[in-house]
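Let me begin by presenting the structure, written as structure tokens, before commenting on it.
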Amino acid sequence: NSISSLLLIVIFYFKLHNINSAAIYSAKLISQIL
467 NSISSLLLIV IFYFKLHNIN SAAIYSAKLI SQIL
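In structure tokens:
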């Protein structure tokens with residue numbers, strides 16, 4: 467599933483960077499999906 471792989475990328479990004487950056491990044495991904 468492409469959505470679950472995107473979620474894994476978001477989680478990985480979240481672990482590498484801070485919470486604010488991950489929130490912005492995931493919001494951009496979600497807006498692209500929708």
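The number in this note's numbering is simply the position in the sequence shown, starting from 1, with 466 added. Backbone N, C-alpha and C fix where the C-beta goes; we use that ideal spot for every residue, glycine too.
| Asked | Found |
| --- | --- |
| Nonlocal neighbours in the same chain, by C-beta distance under 7 Å from residue 492, ignoring five residues either side | 476 |
| Beta-carbon separation (whole angstroms), residue 472 vs residue 495, contact threshold 8 Å | 6 Å |
| Proximity of residue 487 and residue 479 at Cβ, strictly below 9 Å | yes |
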